[in-house]
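Presented below is the structure to which this report refers.
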Amino acid sequence: MTRFQTLAYYSFLVASFCSIPQATAQVTSDNTLATTVNSPNKIDFIIEGGEPREGNLFHSFREFSIPNGGSASFNNAVEIENIFSRVTGGDVSNIEGAISANGNANLFLINPAGIMFGENASLNIGGSFFATTADSLLFPEGEFNAKNITSQPLLTINRPIGLRFGANPDSIVNRSGTLADSTSISGGLELAPGRNLTLVGGEIVLDGGYLATSGGKIELGSVAQAAQVSLDATKSDLVLGYEALENLGDIQLSNLGRIDTSGLGGGEVRLWGRNIILTGGSKITSDTFGNISGENITIDAANLVRVSGTTDIPGLIEPVEAQFGIIVPLRSSITSNTVGGGDAGDIAIATKQLIVEDGGQITASTLFVSDTATMAGAGGDITIEAEDVAVNRVVAVGEGGLDLFGLGRLGIEINGASAIGTVSGNTAKAGKIAIDTHQLKIADGGIITTTSFGSGAGGNLMIEAAESIDIAGKSPSNVVVSAIVASASTTGVSGDVRITTPQLEVKHGGQISAQTSGTGSAGNLEINTRNLLLDNGILTAETQAGDRGNININNASTILLRNNSQITTNATELSTGGDINLSSDVIAALNNSDITAIAEAGQGGNIQINTQGLFLEPDSEITAASELGIDGMITFNTPEVDPTSGIFQLPDVPVNTEAILAQDLCRVENETVAGGSSFIITGRGGLTPTSAESLSNLNRVVGWADESELEVSRNGAVELSQRTQGKKTSYPAVRQSQGLVTTSDGSVWLVANASQTIPQNSGVVHPSCQARLQ
Numbered sequence: 001m002t003r004f005q006t007l008a009y010y011s012f013l014v015a016s017f018c019s020i021p022q023a024t025a026q027v028t029s030d031n032t033l034a035t036t037v038n039s040p041n042k043i044d045f046i047i048e049g050g051e052p053r054e055g056n057l058f059h060s061f062r063e064f065s066i067p068n069g070g071s072a073s074f075n076n077a078v079e080i081e082n083i084f085s086r087v088t089g090g091d092v093s094n095i096e097g098a099i100s101a102n103g104n105a106n107l108f109l110i111n112p113a114g115i116m117f118g119e120n121a122s123l124n125i126g127g128s129f130f131a132t133t134a135d136s137l138l139f140p141e142g143e144f145n146a147k148n149i150t151s152q153p154l155l156t157i158n159r160p161i162g163l164r165f166g167a168n169p170d171s172i173v174n175r176s177g178t179l180a181d182s183t184s185i186s187g188g189l190e191l192a193p194g195r196n197l198t199l200v201g202g203e204i205v206l207d208g209g210y211l212a213t214s215g216g217k218i219e220l221g222s223v224a225q226a227a228q229v230s231l232d233a234t235k236s237d238l239v240l241g242y243e244a245l246e247n248l249g250d251i252q253l254s255n256l257g258r259i260d261t262s263g264l265g266g267g268e269v270r271l272w273g274r275n276i277i278l279t280g281g282s283k284i285t286s287d288t289f290g291n292i293s294g295e296n297i298t299i300d301a302a303n304l305v306r307v308s309g310t311t312d313i314p315g316l317i318e319p320v321e322a323q324f325g326i327i328v329p330l331r332s333s334i335t336s337n338t339v340g341g342g343d344a345g346d347i348a349i350a351t352k353q354l355i356v357e358d359g360g361q362i363t364a365s366t367l368f369v370s371d372t373a374t375m376a377g378a379g380g381d382i383t384i385e386a387e388d389v390a391v392n393r394v395v396a397v398g399e400g401g402l403d404l405f406g407l408g409r410l411g412i413e414i415n416g417a418s419a420i421g422t423v424s425g426n427t428a429k430a431g432k433i434a435i436d437t438h439q440l441k442i443a444d445g446g447i448i449t450t451t452s453f454g455s456g457a458g459g460n461l462m463i464e465a466a467e468s469i470d471i472a473g474k475s476p477s478n479v480v481v482s483a484i485v486a487s488a489s490t491t492g493v494s495g496d497v498r499i500t501t502p503q504l505e506v507k508h509g510g511q512i513s514a515q516t517s518g519t520g521s522a523g524n525l526e527i528n529t530r531n532l533l534l535d536n537g538i539l540t541a542e543t544q545a546g547d548r549g550n551i552n553i554n555n556a557s558t559i560l561l562r563n564n565s566q567i568t569t570n571a572t573e574l575s576t577g578g579d580i581n582l583s584s585d586v587i588a589a590l591n592n593s594d595i596t597a598i599a600e601a602g603q604g605g606n607i608q609i610n611t612q613g614l615f616l617e618p619d620s621e622i623t624a625a626s627e628l629g630i631d632g633m634i635t636f637n638t639p640e641v642d643p644t645s646g647i648f649q650l651p652d653v654p655v656n657t658e659a660i661l662a663q664d665l666c667r668v669e670n671e672t673v674a675g676g677s678s679f680i681i682t683g684r685g686g687l688t689p690t691s692a693e694s695l696s697n698l699n700r701v702v703g704w705a706d707e708s709e710l711e712v713s714r715n716g717a718v719e720l721s722q723r724t725q726g727k728k729t730s731y732p733a734v735r736q737s738q739g740l741v742t743t744s745d746g747s748v749w750l751v752a753n754a755s756q757t758i759p760q761n762s763g764v765v766h767p768s769c770q771a772r773l774q
């Protein structure tokens, strides 16, 4: 389903609820229990009676709808702990007014036909609120059924143990609350601090709706089949189990829909569904304002989590950016922040596909609120398990100087980036980010970042992708680059970045960095990959005034840099350049691509390269240097080779002369002597007499003589003569050489018989061959 189709579907869903023919909104009893309803003015309803059972109170209604400006008040005894109310008439409960109860009773509303909370709906109860479109509420010895009321329900004092859904459960839609500005909301479903708000049904839609409980718990669960959902009820909590379900439904937050559990300690948020989608500036928030540690945000989606877009409503801007004079529309986001002494909660997302785009953000941060150091809660961690993760596109809407994510060299001035990030703005450490996925794609200015812009350390960033990671491109304005960043911008220490994947590509301006633009130390960048491609991409562990960061690329098959790509650990001021260690079968730097560890006044970093093949074009370089300090070292390690391995051992005597002399070398074969013997003279340098001696560089040249310069006598002597032009020469038959003759000019000649007339001749005569002239 495309995004347009998804939005159209939810628009149709909401319109369907609005278009259902409604009788005059009212609350009426179905007379199955002792429930009585009184209405003095036809818009306010007072509910009394029911069936009490030792702390539990059961009510049954034929209709349960409240008109705009009206109310439904449960007049229960203050000792009642739980109010269980069912709607059996088959009509949607359309709540446009307030629901209230006495004391701290928890209220359960069950209507299989559907539940819709309008813009003016509100809750005024002391306990928790539970709304569901299940058919029945299960107890250990029976059920409280809203579909089948032919038999008297089992009214038990035991706590419920589950929900039973029929086929195609109906939806729950919440449109309650009006956003007056970026920080205040009028109306909505809000409970007392520490309470729980739970919606479990078919499709769950927050179309501008608001759900809130300060420091409590909000849970949304979407069921798309006939099934049972387990329920573990304690006095203070309800824990639902969806593990047995094969088909979950969708959860949609749109048009500034909000879930908020912020408080002195941020509360818990849990979402269970098939597709969980946040659009149009919608938010899930659990911020910590005091000294109590926050709870976690957990999102479990069988198929998709999408966080995208901003609101188009004029005048609504992000409150943090507003403090710095930056006009940025409200983003769709999932956030867990702390501005107090308590730690922020973690964010955990499990899904097949995660898409963060068009300004959407997922952040867990610790931010400063004053100049004092007493507020030092630690940021939460972000954990993502997904088959595919995509972080795409930015929304460049306003301008300003705030570097929200502390990206230093990346130079972000327009804070509209789609991002997954943890941030520390005080003395506490930022949380870590851990992503486990099959594929990760970051494009069009998307960012995954852990950042410190205080004295606290930045968090570590760990990504494992079973198939590939692709980081490419910039924002449409070319201001924001797609990046994975661990950074620090003041005195804090940058976190480390660790990436493990078979295929890593950083292209078209994309970056991976562990860096600092302040006095803190840069983090280390460790990459474990088989194939690394940098195509106008950058890997950096740079520092401005702090200690160095290092880059390690381990056990690669190929590292390819091209088109102005860089691997750099450069350092400015007095900082030492970081070390670069590359281990790959093949490393190639092409088209003005560089590997550098350069310092300004400090010592340059060292570069160690372990490879079988290194290829550098003339315009590419590997440099470890310092402008004013000591240069670093560059070390190349090639595979160790045993020089004696595979070498043939030559004999001490290269030629066995005795075996040669014992042969009949003058025999005639195929009408030629010795079957066509040949004589080969090796060129300049010759061969050594033995294999133990080295080759000589003496100029030993064997010259060639023209046949016309030779005259062979019958006695075997060889003499030189003048060349006779035009005279046909008679060639002697080829005979086995019987000796050597050295002439006066130093030439050596092979002869059929050793000469007896030239004293300097040193001939070797074969005992059985006679030279004959033809």
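The sequence shown finishes on residue 774 if you use the numbering used here, and the numbering steps up by one all the way, no holes.
Built from N, CA and C at the ideal position, the CB exists for glycine as well.
- Nearest C-alpha to G473 among A465, E464, I484 and A466: I484.
- DSSP, read as helix, strand or coil, puts I125 in coil.
- In this structure, the CA atom of S236 is about 33 angstroms from the CA atom of S39.
- Between the segment 116 to 135 and the segment 25 to 44, the count of C-beta pairs closer than 8 angstroms stays below three; the two stretches do not touch.
- No residue range can be given for G510, since it is assigned to no beta strand (DSSP E) and is classified by DSSP as neither H nor E.
- Annotation for F74: I47, I83 and A101 place their beta carbon closer than 6 angstroms to its own, counting only its chain and skipping 5 residues before and after.
- Residue environment analysis places D207 among the buried positions, since at least 16 neighbouring C-beta atoms fall within 10 angstroms of its C-beta.
- Following the DSSP letters along the chain, one finds N550 in no beta strand (DSSP E), marked with neither H nor E.
- With contacts defined as CB atoms closer than 7 angstroms, I538 and Q515 fail to qualify as a contacting pair.
- Ranked by Cα distance from A301, the options Q439, I277 and E295 are led by I277.
- Here Q608 has N581 and T635 as same chain residues with Cβ atoms under 6 angstroms from its own Cβ, once five neighbours each way along the sequence are excluded.
- P160 and R86 have their C-alpha atoms some 14 angstroms from each other.
- With a minimum length of 4 residues, there is no unbroken run of alpha helix (DSSP H) contained wholly in the segment 267 to 306.
- Using a Cβ-Cβ distance cut-off of 8 angstroms, the segment 286 to 298 and the segment 244 to 258 are not in contact, since fewer than three pairs of beta carbons, one from each stretch, lie closer than that value.
- Counting the other CB atoms within 10 Å of its CB gives F289 a total of 16 or more, which places it among the buried residues.
- Between the segment 141 to 149 and the segment 199 to 217 there are fewer than three C-beta pairs closer than 8 angstroms, too few to call the two in contact.
- A straight line joining the alpha-carbon of R164 with that of E81 spans about 23 angstroms.
- Between the alpha carbons of L534 and P476 lies a distance of about 21 angstroms.
- Scanning the segment 426 to 473 for uninterrupted beta strand (DSSP E) segments of 3 residues or longer gives 433 to 443, 447 to 452 and 461 to 472, listed from N- to C-terminal end.
- The continuous stretches of beta strand (DSSP E) do not include M633, and DSSP gives it neither H nor E.
- Taking D260 as reference, the option from F615, N536 and L220 with the minimal CA-CA separation is L220.
- In summary, N106 is buried, with 16 or more beta-carbon neighbours lying within 10 Å of its beta-carbon over all protein chains present.
- In its chain, beyond the 5 residues on either side, S336, A344, I347, G379, G380, I382, T422 and G431 have a beta carbon closer than 6 angstroms to the beta carbon of A364.
- In this structure, the beta-carbon distance from N610 to S583 falls below 7 angstroms.
- In this model, L264 and G194 are separated by some 10 angstroms (Cα to Cα).
- Take D547, set aside five residues on each side of it, and the residues of its chain with a beta-carbon closer than 6 angstroms to its own are S521, in chain order.
- For I149, no pairing in a beta bridge is given by DSSP.
- Leaving aside the five residues that flank D170 on each side, the residues in its chain whose CB is nearer than 7 angstroms to its CB run, in chain order, P112, A113, G114, T133, G201 and G202.
- Excluding residues up to 5 positions away in sequence, T288, A344, T366 and G377 lie with their Cβ nearer than 6 angstroms to the Cβ of T338 in the same chain.
- Here the C-alpha atom of Y210 lies approximately 14 angstroms from the C-alpha atom of I95.
- Between the alpha carbons of R498 and A597 lies a gap of roughly 20 angstroms.
- Counting the other CB atoms within 10 Å of its CB gives N68 a total below 16, which places it among the exposed residues.
- Distance from the CA of G458 to the CA of T450, rounded to the nearest whole angstrom, comes to 6 angstroms.
- By DSSP's assignment, S93 forms a beta bridge with I115.
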